[in-house]
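Q: Take 1 as the starting number for the sequence shown in the UniProt record's numbering and just add one per residue.
From the three backbone atoms N, C-alpha and C, an ideal C-beta is built for every residue, glycine too.
Every value quoted in this text rests on a predicted model; they were computed, and no experiment measured them.
One structure, pasted below without further comment.
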Amino acid sequence: MEFSLMENKSLAFKLNTSFLILLIFILTCAVYSILMNNKTQGYADDVANNWFPSVNSTANLSNEMTRYSRREVLVIASYLGNKTEGIKTDFENLTTWKKNFENLLENHKKNLVSGPDEKAILDEVEKAWKIYSDFVEQDLTLVKQKPILGLEHYQKNTKGAALLVSTAIDKLTKYNYENGVLSSTKGNSLTAITNITMASIVIASILVSLVIFTIIRKSTGSISSAVNNLKTQSVSTSKIAGDLKAGSQSLSDSVAEQAASIHETSAAINEITSMVNRTAENAKESTNVAKSASDKAEEGQSTMKRLVQAMETIQESNAQLQNIAGIINQINTKTAVINDIVSKTELLSLNASIESARAGEYGKGFAVVAEEVGNLAKISGKSAHEIQELITASQEQVNQILNITKERVADGKRVTTEAQESFLHISEDISNMSNVIQQISEATREQEIGVRQISTAMSQIDRATQNSQVSVNTTSESSNNLVEQSNKLDATARDIEILINGKASPVSH
1 MEFSLMENKS
11 LAFKLNTSFL
21 ILLIFILTCA
31 VYSILMNNKT
41 QGYADDVANN
51 WFPSVNSTAN
61 LSNEMTRYSR
71 REVLVIASYL
81 GNKTEGIKTD
91 FENLTTWKKN
101 FENLLENHKK
111 NLVSGPDEKA
121 ILDEVEKAWK
131 IYSDFVEQDL
141 TLVKQKPILG
151 LEHYQKNTKG
161 AALLVSTAID
171 KLTKYNYENG
181 VLSSTKGNSL
191 TAITNITMAS
201 IVIASILVSL
211 VIFTIIRKST
221 GSISSAVNNL
231 KTQSVSTSKI
241 AGDLKAGSQS
251 LSDSVAEQAA
261 SIHETSAAIN
271 EITSMVNRTA
281 ENAKESTNVA
291 KSASDKAEEG
301 QSTMKRLVQA
311 METIQESNAQ
321 LQNIAGIINQ
331 INTKTAVIND
341 IVSKTELLSL
351 NASIESARAG
361 EYGKGFAVVA
371 EEVGNLAKIS
381 GKSAHEIQEL
391 ITASQEQVNQ
401 ILNITKERVA
411 DGKRVTTEAQ
421 ESFLHISEDI
431 SNMSNVIQQI
441 SEATREQEIG
451 VRQISTAMSQ
461 IDRATQNSQV
471 SVNTTSESSN
481 NLVEQSNKLD
491 ATARDIEILI
501 NGKASPVSH
């Protein structure tokens, strides 16, 4: 059965919607089951952990109360019959059972009270027990004094108090039992409701599954027809892709050969360009060297001119040295005059000494002066003699230097003249060589321009070839991808056919 709303919907929408509904049913069932189970478990836990222990506790209280009251009656009877054997043990048992009852009562109060209603009933038990235990203590006191008084007190007070305690315990027991039964009944009801709900969800899931099955069965025929058409188109696409791949491969081989040839030609042109560039650089460098050499030759020629001028200056200095020699001769002449003056001064000093001796006492001061003048004259004469010797030696050395300088200046002037002529010839040769190198450099520059234009054209051809190669590679890659996608399409069609029909029919290529 298929809903009318789904007739114009896609198969994926139909399947997804059906599976979504089924999944919602399953999830709802699971969540509902978990919630109901948890709630049922809560009721069961409440019965097991609260009500049943409370019922058990009230039973223990009732048991201890019965034992305690019976033992009290036996004690009273023993005193009435004057049977004192075992009285001590009976009192000890009474004390023990009283403690047991009170411990049970305290434990129930601390751990088992479920609410205010149970607490109120427990308070009644506790209050009745307090009255009853006080009456028992009074009974035991009276029975020790006079047994008949103890019996009368028991009949009048204690017996009724014991009945009140038992009634309160029975009320507490009934409360816990009824609530335990109620909790168990609620759990059973939830279990029944859960079973009914689960059965309903299972039935709904079966209906949804039938809807899914009907949708798939109705859609299988159209899918099979579409798969057959898809397989036929896949075969045609594969054939076209194969032809495109073969053409792309052939074109790729041609472009690759052309690219290789262009690459070799470009390499040769690049090598020629490199050689022309090196030639141009060498020519340029030679021009620079020639120019530098010409400049150096001109500088050398200028240096030779300055050297000639320096030689002439040295000749002038030599003439000045000759003047110095004349001056030294004049100094020598003047020194001779000084020596003559010194001799005369010594003679005058001697005469003054003689005259001062003749004068006696009056001439002593003059004698001292005459003696000092004589000493100074001797020192001056000695210095003048030494100066004359030095001047004579200097005059000889100056004459030797003048002679040597004349010879060397003459040689230097001759060599300088020859070097100047050589530098002039070298400068002319370098100038000629520089002109030739300049012509070579200009020719090489024109060759470089031509080769560069050829190289630019080859680069453009190479780029065009590379672009063609890229386009061919892209086309080849696209054809390969087309073949691969065609194969995948064929495989997908076969997988769908196997998924629908269980087997694939053979297709002729």
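With a Cβ-Cβ cutoff of 8 Å, do asparagine 176 and threonine 66 count as a contact?
A: Between asparagine 176 and threonine 66, the gap from beta carbon to beta carbon reaches 8 Å or more.
Q: In chain order, what residues of the same chain lie with their CB nearer than 7 Å to the CB of aspartate 139, ignoring the 5 residues before and after it?
A: Glu72, Ile76, Gly150, His153, Tyr154 and Thr158
Q: Identify the continuous alpha helix (DSSP H) that holds valine 113 and give its terminal residues.
A: No alpha helix (DSSP H) holds valine 113; DSSP gives it neither H nor E.
Q: Is the beta carbon of alanine 125 less than 8 Å from the beta carbon of leucine 105?
A: Residue identity check: residue 125 is valine in the sequence provided, not alanine. Result yes, Cβ atoms of valine 125 and leucine 105 sit closer than 8 Å.
Q: Check whether the segment 336–346 and the segment 371–382 are in contact - that is, three or more C-beta pairs closer than 8 Å.
A: yes
Q: Taking the C-alpha atoms as reference points, what is the distance between threonine 313 and asparagine 435?
A: 38 Å
Q: DSSP three-state call for glycine 86: helix, strand or coil?
A: coil
Q: My assumption, with CB atoms under 8 Å, is that isoleucine 203 sits in contact with threonine 28. Please give the rounded CB distance.
A: With 8 Å as the limit, isoleucine 203 and threonine 28 do not qualify as a contact, their Cβ atoms being about 13 Å apart.
Q: Could you give the uninterrupted runs of the beta strand (DSSP E) lying entirely in the segment 277–336, keeping only those of 3 residues or more?
A: Runs of the beta strand (DSSP E) lying entirely within the segment 277–336, each at least 3 residues long, are absent.
Q: Let me know the secondary structure DSSP gives glycine 381 once reduced to three states.
A: helix
Q: Closest to glutamate 299 by CA distance: which of Phe91, Ser427 and Asp253 is it?
A: Ser427
Q: Under 8 Å, do aspartate 90 and leucine 80 count as touching if we go by C-beta distance?
A: no
Q: Would you identify the three-state DSSP class for lysine 344, choosing helix, strand or coil?
A: DSSP places lysine 344 in helix when its eight states are reduced to three.
Q: Within a Cβ cutoff of 8 Å, which residues of the same chain sit near arginine 445, ignoring the five residues on either side of it in sequence?
A: Ala280
Q: Would you say glycine 242 reaches chain D, if we count a Cβ-Cβ gap shorter than 8 Å as a contact?
A: No chain D appears in this structure, which consists of one protein chain only.
Q: Can you tell me which of the three DSSP states glycine 81 falls into?
A: coil
Q: Measuring only the C-alpha atoms, how far is valine 373 from glutamine 320?
A: Their backbone Cα atoms lie some 40 Å apart in a straight line.
Q: For the alpha helix (DSSP H) containing glycine 150, name the first residue and the last one.
A: 147–153
Q: Give the DSSP-derived three-state secondary structure of methionine 1 in the structure shown.
A: Residue placement at methionine 1 cannot be trusted, given a pLDDT of 48 that sits under 50; what the coordinates show is reported in the next sentence. Coil.
Q: Who are the near neighbours of glutamine 249 in its chain, counting only those whose CB is closer than 8 Å to its CB and skipping five residues on each side?
A: Ser476
Q: Looking at C-alpha atoms only, which residue of Ile131, Val143 and Ser189 is the closest neighbour of leucine 164?
A: Ile131
Q: Would you call the segment 459–466 and the segment 259–276 in contact, with 3 or more CB pairs under 8 Å?
A: yes
Q: Alpha carbon to alpha carbon, how far is valine 470 from glutamate 484? Give it in angstroms, no decimals.
A: 21 Å
Q: Just checking my contact of serine 431 with serine 302 at CB under 8 Å: how many whole Å lie between their CB atoms?
A: Between serine 302 and serine 431 the Cβ distance is about 16 Å, and since that is not below 8 Å, they are no contact.
Q: Please determine, among Val31, Ala357 and Ala384, the residue with the shortest C-alpha to C-alpha distance to alanine 338.
A: Reading the sequence as shown, one finds isoleucine at residue 338 and not alanine. Answer by Cα proximity: Ala384.
Q: What residue from Gln438, Asn329 and Gly450 has the CA that sits closest to serine 394's CA?
A: The shortest Cα separation from serine 394 among Gln438, Asn329 and Gly450 belongs to Asn329.
Q: Under 7 Å Cβ to Cβ from threonine 416, same chain only, skipping five residues before and after it: list those, please.
A: The residues are Met304, Leu307, Val308 and Met311.
Q: What whole-angstrom Cβ distance do glycine 232 and serine 486 have, given they're in contact under 8 Å?
A: Going by the sequence as given, residue 232 is threonine instead of glycine. Their Cβ separation, rounded to whole angstroms, is 12 Å, which puts threonine 232 and serine 486 out of contact at 8 Å.
Q: Taking its Cβ as the centre, do 16 or more other Cβ atoms sit within 10 Å of asparagine 103, making it buried, or is it exposed?
A: With fewer than 16 Cβ atoms within 10 Å of its Cβ, asparagine 103 is classed as exposed.
Q: Using 10 angstroms around the beta-carbon of methionine 1, count the other beta-carbons present and answer buried if the total reaches 16, otherwise exposed.
A: Caution is warranted here: a pLDDT of 48 is assigned to methionine 1, below 50, making its placement in the model unreliable, and the coordinate value is therefore given only provisionally. Methionine 1 comes out exposed.
Q: Within 10 angstroms of its Cβ, does alanine 370 collect 16 or more other Cβ (buried), or is it exposed?
A: buried
Q: Could you check whether the segment 203–217 touches the segment 14–26, counting it as contact only if at least three pairs of C-beta atoms, one from each stretch, sit closer than 8 Å?
A: yes
Q: I'd like to check one pair, asparagine 332 with glutamine 388: are the Cβ atoms closer than 8 Å?
A: yes
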